[in-house]
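As they're listed, the protein sequences go chains F and D. Numbered according to my numbering, the first sequence spans residues 1 to 320. Numbered according to my numbering, the second sequence spans residues 1001 to 1320.
2 protein chains.
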Amino acid sequence: MKKYVVGIDLGGTNIKVGIIENGARILNKISAPTGNYKNKKALIDGLAMICLRLVDSSGLNKDDISGIGIGAPGLIDSSRGVIHELVNIKGFKEVPLKRLIEDRTDIPTFLDNDVNVMTLGELYHGAGRGAVNMLCVTLGTGVGGGVVINGKLYRGSSLSAGEIGHMPLNEKGPACGCGGSGCMEKSVGNNYIIRVARESIQAGNKSLITKLVSNNLGKITPEIISAAAKKGDRLAISLWREIGAHLGVTLAGAVNLLNPDMIVIGGGVADAGRVLFDSIRRTVRQRAMKVPARRAKIVKAKLGQDAGLIGAAVLVELNT
Amino acid sequence: MKKYVVGIDLGGTNIKVGIIENGARILNKISAPTGNYKNKKALIDGLAMICLRLVDSSGLNKDDISGIGIGAPGLIDSSRGVIHELVNIKGFKEVPLKRLIEDRTDIPTFLDNDVNVMTLGELYHGAGRGAVNMLCVTLGTGVGGGVVINGKLYRGSSLSAGEIGHMPLNEKGPACGCGGSGCMEKSVGNNYIIRVARESIQAGNKSLITKLVSNNLGKITPEIISAAAKKGDRLAISLWREIGAHLGVTLAGAVNLLNPDMIVIGGGVADAGRVLFDSIRRTVRQRAMKVPARRAKIVKAKLGQDAGLIGAAVLVELNT
């Protein structure tokens, strides 16, 4: 039995590649800025090269590797291994990445979108272990989601299921980049969080955030707002409560529709921690129906930065 | 092989019982007002009695019947055959109806809530035939829903999935009977429809509806509004368009989350027909993401009043 897998987390900013042993132990990993690769061909060649070199530098050879798993941000046909389109990485339209990497490495390759991959990671090796019906939510600039039904990743009828960030939170809400309007992402995504913090300070509210960014409000990030909240800053705490309430309303709807036993929430914003999660849980309890609300455990994702690599390894294991 | 099934559609107003042959052909059926039965015991005894008599009067005997299927409005543990609570039928709390009917009839009995039963009916013998991932929505005083995943009815982690009427349409909407607020049902259910029509006429708007109810605005029903719309009444048409838009926004969210290939919409309000469905389809196309929106076929339920009986027969077939 081959017991190693190569996981690739292809992000808009960084490419991470790791050798994963027995499902969840990362033996070795490296990272490179995605911007280092000038075009599509250079990036594909680079991915294959990094994989082969990492196998080699880990004291392994191709025969030890059961497959390469790739998670990428965008619309992906996981069944055929084709990227329809990527978000934040230009030039990838209808790219048969599975075949292109297999041609270059001679190792079976599988791909899926980054959120599905993270969902697999959390389901098999993270906070979602043991879940039967689960939602996985990633909070960041975009808000993504993965759906697990009867213990398996559910991809939907055209492999695009899980877009919880684009469930409408308000019938007449602001236009969203997805083409819809009032999407939850517009009230929970990084841009909204940063904007509300900035505007609130500009309106004269006192906050530790101002000091943390040395008066340069253009430097506010969710991390800084979290740091302020952890020090008891009222503006930051109230902002996280608001974000938790927005998210909680949408989750209440998903809870009523799907009656999951677990909701795993990850991504950078989830690091806001308890103040955010308390607000999410309180809102779901208030807004969702009693029976499904009682059943849905809401937890923070466990795998953090490694979710993409570990999930990619799960993707290979499920396919080989 | 036993080729007949008894289906029971236990409603708040009427009890319908039918003998169903080979899945979808109703051989014989009767109906009785639910109010005829004074209490829980009388109703249960009555149900068993009607079943046995109908079998007899259809020229069959017990040995021809593979099972009794029951759909009832409320919270039901379909796996144990226990009614937790019924809506609109008093006194049913934690009633092991499966066992009670089996004791009285000696015929294997299965139950589920009415919307799941209707979903099974439409999936196997109605508008949902061939669907892999499907949502079924029933429009009426309440708005119910059923979820089909990978060709099977999906019940969720505590058997309460499908409550699409209680997905929030507006974060800060009006309180709902379910304990939440801003639920879609509040903007799509019969009460809302009737109220908006009445208030609009009271505000001085001209409508055929006024004539159809002989100036008694207390007599407005969704059926009358539909009749007016079919005759070109502008107020009625604009109301159905509004209802379609509310429903479409929630469905757009469900489409983004679940990427179904089929959405079947039934219940009395669905009889508003084309003006309603055009508005639903247009809204989903506008609000949902392109890939899942393109995939989701939105159709009217086919089985109408018989959905409960035919679905109850499917419930038996799936369990025997």
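Every residue gets a Cβ at the ideal spot worked out from N, C-alpha and C, and that includes glycine. It should be emphasised that the depicted structure is a prediction, and the values quoted were computed from it without experimental measurement.
Do residue j and residue i count as a contact pair if the criterion is CB distance below 9 Å?
| i | j | result |
| --- | --- | --- |
| T34 of chain F | N61 of chain F | no |
| I237 of chain F | I193 of chain F | no |
| D1112 of chain D | D1009 of chain D | no |
| I164 of chain F | G177 of chain F | no |
| A301 of chain F | G266 of chain F | yes |
| K29 of chain F | L235 of chain F | no |
| G151 of chain F | N170 of chain F | no |
| V1137 of chain D | V1264 of chain D | yes |
| L257 of chain F | M1167 of chain D | yes |
| V1196 of chain D | L1239 of chain D | yes |
| S1066 of chain D | V1005 of chain D | yes |
| G273 of chain F | S207 of chain F | no |
| G126 of chain F | A313 of chain F | no |
| G173 of chain F | K186 of chain F | yes |
| R1241 of chain D | V1275 of chain D | yes |
| L43 of chain F | I89 of chain F | yes |
Return helix, strand or coil for residue i, following the three-state DSSP convention.
| i | result |
| --- | --- |
| P1168 of chain D | strand |
| D341 of chain F | Because chain F is modelled from 1 through 320, residue 341 of chain F falls outside the range shown and cannot be assessed. |
| R46 of chain F | Checking the sequence, you will find Gly at residue 46 of chain F rather than Arg. G46 of chain F falls in the helix class under three-state DSSP. |
| K297 of chain F | strand |
| S187 of chain F | helix |
| R1080 of chain D | coil |
| P33 of chain F | strand |
| K1290 of chain D | helix |
| E1242 of chain D | helix |
| S279 of chain F | helix |
| I220 of chain F | coil |
| I89 of chain F | coil |
| T1141 of chain D | coil |
| T1105 of chain D | helix |
| R25 of chain F | strand |
| V1095 of chain D | strand |
Might you give, ordered along the chain, the residues of its own chain that have their beta carbon closer than 7 Å to the beta carbon of residue i, omitting 5 neighbours on each side?
| i | result |
| --- | --- |
| L153 of chain F | N116, T119, L120 and G146 |
| R329 of chain F | In the structure as shown, chain F starts at 1 and stops at 320, and residue 329 of chain F therefore has no counterpart that could be examined. |
| L315 of chain F | G69, F110, D112, V117 and L120 |
| R1281 of chain D | I1298 |
| A1245 of chain D | S1279 and T1283 |
Would you call residue i buried or exposed, if buried means 16 or more other Cβ atoms sit within 10 Å of its Cβ?
| i | result |
| --- | --- |
| M49 of chain F | exposed |
| R1129 of chain D | exposed |
| G69 of chain F | buried |
| N216 of chain F | exposed |
| E199 of chain F | exposed |
| G1142 of chain D | buried |
| E122 of chain F | buried |
| S79 of chain F | exposed |
| N39 of chain F | exposed |
| G162 of chain F | buried |
| N1133 of chain D | buried |
| T320 of chain F | exposed |
| D56 of chain F | exposed |
| R1099 of chain D | exposed |
| R155 of chain F | buried |
Determine the chain F residues that contact residue i at a beta-carbon separation under 9 Å, and present them in chain order.
| i | result |
| --- | --- |
| D1261 of chain D | G156, S157 and S158 |
| L1027 of chain D | Near L1027 of chain D there are no residues of chain F at all, since even the closest Cβ is about 35 Å away, more than 9 Å. |
Residue i versus chain F: which residues are under 8 Å apart at the beta carbon?
| i | result |
| --- | --- |
| K1186 of chain D | In chain order: nothing, as chain F lies at least about 11 Å away. |
In chain order, what residues of the same chain lie with their CB nearer than 6 Å to the CB of residue i, ignoring the 5 residues before and after it?
| i | result |
| --- | --- |
| G18 of chain F | G7, I26, K29 and L309 |
| R104 of chain F | A48 |
| K93 of chain F | E85 |
| A229 of chain F | A236, I237, W240 and V275 |
| G1304 of chain D | none |
Mind listing the chain D neighbours of residue i? Cutoff is C-beta to C-beta under 7 Å, in chain order.
| i | result |
| --- | --- |
| K290 of chain F | G1179 |
| N133 of chain F | G1156 and S1157 |
| L75 of chain F | V1291 |
Within the same chain, show all residues whose beta-carbon is closer than 8 Å to that of residue i, passing over the 5 residues directly before and after it, in chain order.
| i | result |
| --- | --- |
| R1285 of chain D | A1293 |
| A1175 of chain D | S1181 |
| D233 of chain F | S207, L208 and I209 |
| Q202 of chain F | L217 |
What does residue i touch in chain D if you count any residue whose Cβ is under 8 Å from its own?
| i | result |
| --- | --- |
| P168 of chain F | L1169, V1249, T1250, A1252, G1253 and R1287 |
| I149 of chain F | I1149, N1150 and Y1154 |
Name the chain D residues that come within less than 9 Å of residue i, Cβ to Cβ?
| i | result |
| --- | --- |
| G162 of chain F | N1256, L1257, L1258 and N1259 |
For residue i, return the contacting residues in chain F, with the cut-off set at a CB-CB distance below 7 Å.
| i | result |
| --- | --- |
| R1295 of chain D | S157 and S158 |
Compare the C-beta of residue i against all C-beta atoms of chain A and say whether one is closer than 9 Å.
| i | result |
| --- | --- |
| H125 of chain F | Absence of chain A from the displayed structure is noted, the protein chains being F and D. |
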